[in-house]
DNA sequence: AGAATTTACTGAAACGATTCAACGGTTCGT
DNA sequence: ACGAACCGTTGAATCGTTTCAGTAAATTCT
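Residue numbers (the working numbering), protein chains in the order written: chain A, 8 to 351; chain B, 8 to 351.
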């Protein structure tokens, strides 16, 4: 019942308690080399005894150039496990370096994203990991950069915008997946899900087309239906696709979530993925492994990508004049059950 | 190539540009009713024209009682989709109310958690949603409360600690699941995974025992092996369990992640879950629906729970003297394929 | 030994907002 | 017509920290 919402202990009180000046205390706290060990000890002892906690807001007020030290993370949609995997990688890395993060989820809305960015600017983040919502204008990013805040774009590249970027090799991933299906003997291969608003979609489509070309197969637009990235939409796609007079025998899916939705829809129609129809996804989400049949996929190494994104941001933060980096991570074709065997 | 890391525009400049005093500008910004519409317009026009961004750090410096306005979220382990679901619910709610969040992931380590809490205190969060790591001492929470920061505990209740709490009815959930299995004719029912460090584990076990009692079945400690919450550990559990002279015919799993790991292990041994062995999980993660057989589970409505946790924190923040709340959400038995049919 | 440097520390001015007491001017009540 | 109440506005103090310029004592240099 004690209403002891104690007033915050300030550094001034710490200084008094330690018998030094405010300035000395501040310097001791920041490990300024001109403060001798003994004095530091006194200050830290006082901090301990009084239960002092540092006020980052006040601190970053004076040193106006640096931000609060926190880094912002904006992702579009936690519902897609790929983002969760990415976030896990990011958080693990941040834990290592003991950094704090502001998290925002846009749920694919640009307005929400704008609001989020404004908020983060108000909180004076020191850096931003941005997984841009579809339709994001490059102006939005330029605005952040104008405040001197480093930005790392994840999986979404803006032409003509000087900005660090990390992504995966969508073209090669799409190429490898499609090529594998072609090598298995498939000739009607669909590329399903995702949409042309997505930067990654274009790359994966390009790889798909490249492989088709190599095998001298004509591109059939009917086999590349677009969709949002959820299971329900994927189900509709399958519905539509298997009503065609000449349905596909293999499916390369924009991502794993869609692949799983598609496989569920196939199964409910009595079509066995991995046997009647080959399926390959993209991303590598954990669910792909537990699904029957287990999902063959082009892995983007999402956790590693998250970790690398943090590393990139950190090097940018510690060295603002470093040349712009564009990291394209190699993809890897992960063959499991859903891609099936060679056609007889 | 413009090195135009422009200096931050301050409210003072805005005031000058609008032809009013700093005080007036501040009040206009905060919607103080004593500022007439016309003046507000002038100020907002100036804000627009100068590209002013509010500095929350500076603002929260003066009004020392309130924090920065951001709320902290600490979860243990994003790898378990349950937490992701919870986080989705939290983020959706926060988006509605346009609040910013600091996210920390402890990966089940108390030291990391301590560090995270300290950080969040330094950033002066206005409230904390805490999914406490196993082994967390109640002292840690008391410390936060001493700073006058509202805390909402999720799924982990500390006896004798006056603190808001939201969780699910573990006992009833465990009871219903077990009872259902008993009603199907099962008599060897295992309760697998989780461990006694977890508050929720005890509740679920209690419900399990209660149901067994009701059917006059002796509790067999061999049927309640503990484990960490991941698929590999679940697999080991199955390995061990099905080496017993008298293996179980039904499994009630501490959570869905373990249930899925267990079912994968069963399948790889040629045992068909939903037919040879009944399985029921707890939580309701999306993966449970795509798995074959689809996972019967006790849903904790994770997204709703996340949303409600935010609501609870918000009411506490707006009304600090409100009596302590303990919200226990009802569970619901979600019957799908894995629980099977009545034994012949 | 006297000057120059170093060492250990400090006072005071920032940083960008909030907030309180106070201002002159209009309107109201009686 | 006089004081009270109100309105729109403002100057100045304040929050907790950093940082610059400066000081007095101790050490080094020549």
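Here a beta-carbon is modelled for each residue, glycine too, at the ideal position from N, C-alpha and C.
Keep in mind that this is a model prediction, so the values were computed, not measured.
Within the continuous beta strand (DSSP E) that includes residue i, where are the two ends?
i: residue 290 of chain A; result: 285-290
i: residue 78 of chain A; result: 78-82
i: residue 335 of chain A; result: 333-336
i: residue 339 of chain B; result: 339-341
i: residue 75 of chain B; result: Looking at the DSSP string, residue 75 of chain B is not in any beta strand (DSSP E), and its letter there is neither H nor E.
i: residue 108 of chain A; result: 108-112
i: residue 134 of chain B; result: 134-137
Just to confirm the assignment, what range does the alpha helix (DSSP H) spanning residue i have?
i: residue 151 of chain A; result: 145-153
i: residue 54 of chain B; result: 44-57
i: residue 32 of chain A; result: 29-36
i: residue 251 of chain B; result: Careful: residue 251 of chain B lies outside any alpha helix (DSSP H) and carries neither H nor E.
i: residue 89 of chain B; result: 88-103
i: residue 268 of chain A; result: 263-275
i: residue 64 of chain A; result: 63-69
i: residue 257 of chain A; result: No alpha helix (DSSP H) holds residue 257 of chain A; the beta strand (DSSP E) holding it covers 257-260.
i: residue 125 of chain B; result: 117-129
i: residue 350 of chain A; result: Looking at the DSSP string, residue 350 of chain A is not in any alpha helix (DSSP H), and its letter there is neither H nor E.
i: residue 18 of chain A; result: 18-25
Does the beta carbon of residue i come closer than 8 Å to any beta carbon on chain B?
i: residue 62 of chain A; result: yes
i: residue 138 of chain A; result: no
i: residue 324 of chain A; result: no
i: residue 91 of chain A; result: yes
i: residue 279 of chain A; result: no
i: residue 196 of chain A; result: no
i: residue 68 of chain A; result: yes
i: residue 122 of chain A; result: yes
i: residue 16 of chain A; result: no
i: residue 329 of chain A; result: no
i: residue 147 of chain A; result: no
i: residue 105 of chain A; result: yes
i: residue 245 of chain A; result: no
So which residues of chain A does residue i contact, with C-beta pairs closer than 8 Å?
i: residue 77 of chain B; result: 109, 130
Listing by chain order, which chain A residues have their CB less than 7 Å from the CB of residue i?
i: residue 98 of chain B; result: 85, 112
i: residue 299 of chain B; result: 299
Hey, is residue i's beta-carbon within less than 8 Å of any beta-carbon in chain A?
i: residue 3 of chain B; result: Absent from the structure is residue 3 of chain B, since the part of chain B shown begins at 8 and ends at 351.
i: residue 336 of chain B; result: no
i: residue 346 of chain B; result: no
i: residue 65 of chain B; result: yes
i: residue 258 of chain B; result: no
i: residue 267 of chain B; result: yes
i: residue 11 of chain B; result: With a pLDDT of 47 at residue 11 of chain B, under the threshold of 50, the modelled position of this residue cannot be trusted, and the question is left open.
i: residue 249 of chain B; result: no
So which residues of chain B does residue i contact, with C-beta pairs closer than 7 Å?
i: residue 34 of chain A; result: The premise fails here: residue 34 of chain A is roughly 18 Å from chain B at the closest Cβ pair, so nothing lies under 7 Å.
i: residue 94 of chain A; result: 85
Cβ closer than 9 Å: which chain B residues qualify as neighbours of residue i?
i: residue 271 of chain A; result: 296, 297
Kindly give me the distance between the Cβ atoms of residue i and residue j, rounded to whole angstroms, as I take these residues to be in contact under 8 Å.
i: residue 335 of chain B; j: residue 174 of chain B; result: 6 Å
i: residue 135 of chain B; j: residue 79 of chain B; result: 4 Å
i: residue 85 of chain B; j: residue 98 of chain A; result: 7 Å
i: residue 164 of chain B; j: residue 199 of chain B; result: Residue 164 of chain B to residue 199 of chain B, Cβ: 23 Å. No contact.
i: residue 230 of chain A; j: residue 255 of chain A; result: 6 Å
i: residue 186 of chain B; j: residue 224 of chain B; result: Incorrect: roughly 11 Å between the Cβ atoms, too far for contact.
i: residue 180 of chain A; j: residue 338 of chain A; result: 4 Å
i: residue 260 of chain B; j: residue 286 of chain B; result: 7 Å
i: residue 139 of chain B; j: residue 160 of chain B; result: 7 Å
At 8 Å on the CB atoms, spell out the chain B contacts of residue i, in chain order.
i: residue 119 of chain A; result: 102
Could you tell me if the beta carbon of residue i falls within a distance shorter than 7 Å of some heavy atom in the ligand SAH?
i: residue 166 of chain B; result: As presented, the structure is devoid of all ligands, the ligand SAH included, so that no description of it is given.
Just list the alpha helix (DSSP H) runs in the stretch 160-232 of chain B, keeping only unbroken ones of 4 residues or longer that don't cross its boundaries, in chain order. The alpha helix (DSSP H) runs of length 4 or more contained entirely in the stretch 160-232 of chain B are, from start to end of the chain, 177-190, 206-221.
Scan the stretch 287-316 of chain A and note each continuous beta strand (DSSP E) run of 3 residues or more that stays entirely inside, going in chain order. Within the stretch 287-316 of chain A, the complete beta strand (DSSP E) runs of at least 3 residues are 303-306.
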